[in-house]
Each structure stands twice: as C-alpha cells, then as structure tokens.
Amino acid sequence: LYVKEDLGDETVLGLGPQQAHFLRSVLRLKPGARLALFNGRDGEWLARLDALGKGWASLLLEEQSRPQTEEPGLTLLFAPVKRQRIDWIAEKATEMGCTRLQPILTRRTIVERVNVQRLRTTVREAAEQSERISLPEVAEPAKLEHVLGDWPEDEPFLFADESGSGRPIDEVVNETRARALVIGPEGGFESQEQETIARHPAACAVGLGPRILRADTAVVAALAVMQALTGD
Ligand code: SAM
10 LYVKEDLGDE TVLGLGPQQA HFLRSVLRLK PGARLALFNG RDGEWLARLD ALGKGWASLL
70 LEEQSRPQTE EPGLTLLFAP VKRQRIDWIA EKATEMGCTR LQPILTRRTI VERVNVQRLR
130 TTVREAAEQS ERISLPEVAE PAKLEHVLGD WPEDEPFLFA DESGSGRPID EVVNETRARA
190 LVIGPEGGFE SQEQETIARH PAACAVGLGP RILRADTAVV AALAVMQALT GD
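Below you can see the structure in the form of structure tokens.
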C-alpha cells in the first residue's frame, strides 16, 4: 500500500500488483467494495475500492475502525520441521497471538534451511485471516545455545519436555505468566541440549499430557493453554 495522493479530506492509496491481483482475480472485488486495512502501526482502517485494473488498484481511505493496541509479547522458539508443517506452525502461532517466531537450530533439527520469506508471507496471510492488526516477527534461524545465551534470566519461558519431568502446563502458566515457549525438534532435544535448557534460570519445564505429540501438535497444544489462561 502506498499513499497515491492526499486530497486533504481524502487519501487515495495505491496497491501493488500482487495485492491488486489478489483483490481483482482472487476476491473478484468490484469498485465500491469495502476493505479493512492494517499495517501493524496505525491500527485498522476502513477503505473503499475506488478503481482497479491489471496490476493496480486504488482505495479511498475512510476511517479508523480499530486503534493500534500494544499486544503482550508472546515468543515461540521452535525447531523447524518439514516444509508444509513449518508453514502450519507459523500459521497457527499467528492465529494464537504469537508476536515473535524464532526458529532454533538444534542438533536433531532435520531442516537446515528455513525459508524465512515464505514464513513471513504465511504469517501475513494468517494475520489477515484472523483479523489481527499486527504481524508477528519471523526471526532468522539461530542456534539454541545462542538464543538461550541472550535470554533474560527474569523472563520465564516454558520448555515443553516430553520426558515427564515437567509440571502440568496450566499450573506453570498460572504461576509464572510466562510469555515464551520452547518446542523441540521431531527427534527431540539431545541430552546435552536438554541440560542447557534446564540450567537456564528462566526455564520452566512443562508437560503436555501423557503421550508424545508431534512438534507441530505440541506447539498448538501449548499455545492453546497459554492463550486460554492468559486471555490474550
Ligand atoms: N522425544 C520425542 C520422541 O521420543 O518421539 C520426540 C520429540 S516430540 C516429537 C517434539 C517436541 O514436542 C518435543 O521436543 C517437545 O518439545 C514436544 N512434546 C511432545 N510431546 C510432549 C509432551 N507430552 N509434553 C511436553 N512436550 C511434548
């Protein structure tokens, strides 16, 4: 979106080819259609589709429908999994209010290369679908040790531990109001990594029930509890 011209009481916004194509050929909108816009800084605005053509569209900005509110941060640190499932993790984490997605490289991470650009497109589409007015940040993959090395000691994070040593997640969320979650790779954390995490003063080991969940299932299971208990 860019401001095409400011007519004082009316701001005409221009759309780039990709978004114009989406409105024209995917949503098949016609001039006069109403849209809700967000850019992650200025809240949600209502606009009317003024005109569109092949690769372009212009919108008339009308009024702000929702102010930009400060969201409580919620960070998901997860070991990347295979392509379609990592997109699924990004999409579900966005729907459940995550504000930062941090892929972590562990010894058993099966996916070395993470297409961060594609994940950023996925989270934008998920934010639009879930009517968020903010976009989660998708960070570049980083080694587990580096991420934890920089993690503040006074910011509790949940560490989903399938070994059974963790406390029930609901108890820990209610007690700590932790705003970060670590989910391991499909092959699980190696014992040395497990120790690195467990030694961190901010680590809170949690269990997600008696069965071994797939990494993507564990992400949703944990975030669902966190979201339900914190109401965010
Ligand atoms: N060690 C597992 C195994 O034996 O198959 C593999 C790891 S599991 C597929 C992927 C991740 O999901 C784990 O590292 C953990 O973070 C999380 N997870 C799965 N089941 C869990 C549970 N019941 N409680 C807590 N975390 C769980």
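Counting from 10, one number per residue, gives the positions in the sequence shown under UniProt numbering.
Every residue gets a Cβ at the ideal spot worked out from N, C-alpha and C, and that includes glycine.
- Message: Applying the 10 Å Cβ sphere with the 16-neighbour rule, what's the burial state of threonine 78?
- Response: Residue 78 sits at position 69 when you count from the first residue of the sequence shown. By the neighbour-count rule (16 or more Cβ atoms within 10 Å), threonine 78 is not buried but exposed.
- Per DSSP, which residues does threonine 20 bridge with? Please list them. Your numbering for residue 20 matches position 11 in the sequence shown. Paired residue(s): Asp15 and Leu70.
- Should valine 35 go down as buried or exposed, given a rule of 16 or more other Cβ atoms within 10 Å for buried? Residue mapping note: residue 35 aligns to position 26 of the sequence shown, counting from 1. So valine 35 ends up on the exposed side.
- Consider the C-beta atom of aspartate 170 and the heavy atoms of the ligand SAM; say whether any pair is separated by less than 7 Å. Taking the first residue of the sequence shown as position 1, residue 170 is located at position 161. Inclusion of aspartate 170 in the 7 Å shell around the ligand SAM follows from its C-beta lying nearer than that to a non-hydrogen atom of the ligand.
- Evaluate glutamate 72 with the Cβ neighbour count: other Cβ atoms within 10 Å of its Cβ, from every protein chain shown; 16 or more gives buried, anything less gives exposed. Residue mapping note: residue 72 aligns to position 63 of the sequence shown, counting from 1. The C-beta of glutamate 72 has fewer than 16 other C-beta atoms within 10 Å across all chains shown, which makes the residue exposed.
- Query: Do glutamate 195 and the ligand SAM come close, with the Cβ less than 7 Å from some heavy atom?
  - Reply: As a position in the sequence shown, residue 195 is number 186, starting the count at 1. Within the cutoff, so yes.
- alanine 227 beta carbon near the ligand SAM (any heavy atom closer than 7 Å): One-based indexing of the sequence shown puts residue 227 at position 218. Here the distance from the Cβ of alanine 227 to the nearest heavy atom of the ligand SAM is below 7 Å.
- Message: By alpha-carbon positions, which one of Pro210, Val228, Ala211 and Ala207 ends up nearest to leucine 217?
- Response: Against the sequence shown, residue 217 aligns to sequence position 208. The shortest Cα separation from leucine 217 among Pro210, Val228, Ala211 and Ala207 belongs to Val228.
- Can you give the Cα-Cα distance for alanine 237 and alanine 56, rounded to whole angstroms? Position 228 of the sequence shown, counting from 1, holds the residue named residue 237. Position 47 of the sequence shown, counting from 1, holds the residue named residue 56. Cα to Cα, the separation comes out at about 33 Å.
- Item | the segment 203–216 in contact with the segment 172–179 per 3-pair CB rule at 8 Å | Counting C-beta pairs with one atom in each stretch, the segment 203–216 and the segment 172–179 have three or more that are closer than 8 Å, which means they touch.
- Message: Rounding to the nearest angstrom, what Cα-Cα distance links leucine 110 and threonine 103 in this structure?
- Response: By one-based count along the sequence shown, residue 110 stands at place 101. By one-based count along the sequence shown, residue 103 stands at place 94. So the alpha carbons of these two residues sit roughly 9 Å apart.
- Task: Would you list, in sequence order, the uninterrupted beta strand (DSSP E) runs of no fewer than 3 residues that lie entirely inside the segment 96–145?
- Result: 109–114
- Task: Confirm, please, whether the CB-CB distance from proline 194 to threonine 84 is below 8 Å.
- Result: Walking along the sequence shown from the start, residue 84 turns up at place 75. Walking along the sequence shown from the start, residue 194 turns up at place 185. In this structure, proline 194 does not lie closer than 8 Å to threonine 84 by Cβ.
- Cut-off 7 Å between Cβ atoms - residues of its own chain near glycine 52, not counting five sequence neighbours on either side: Sequence index remark: in the sequence shown, residue 52 carries index 43 (1-based). Closer than 7 Å at the Cβ level, and outside the excluded window around glycine 52, lie Gln73, Arg75, Pro76, Gln77 and Ile142.
- Task: Express the C-alpha separation of alanine 211 and glycine 158 in angstroms, rounding to a whole number.
- Result: As a first step, residue 158 must be located in the sequence shown, where it is residue number 149. As a first step, residue 211 must be located in the sequence shown, where it is residue number 202. Cα to Cα, glycine 158 sits roughly 11 Å from alanine 211.
- Message: Checking 8 Å against the spacing of the C-beta atoms, do valine 234 and leucine 86 come in under that value?
- Response: In the sequence shown, residue 234 corresponds to position 225, counting from 1. In the sequence shown, residue 86 corresponds to position 77, counting from 1. Not closer than 8 Å, so no.
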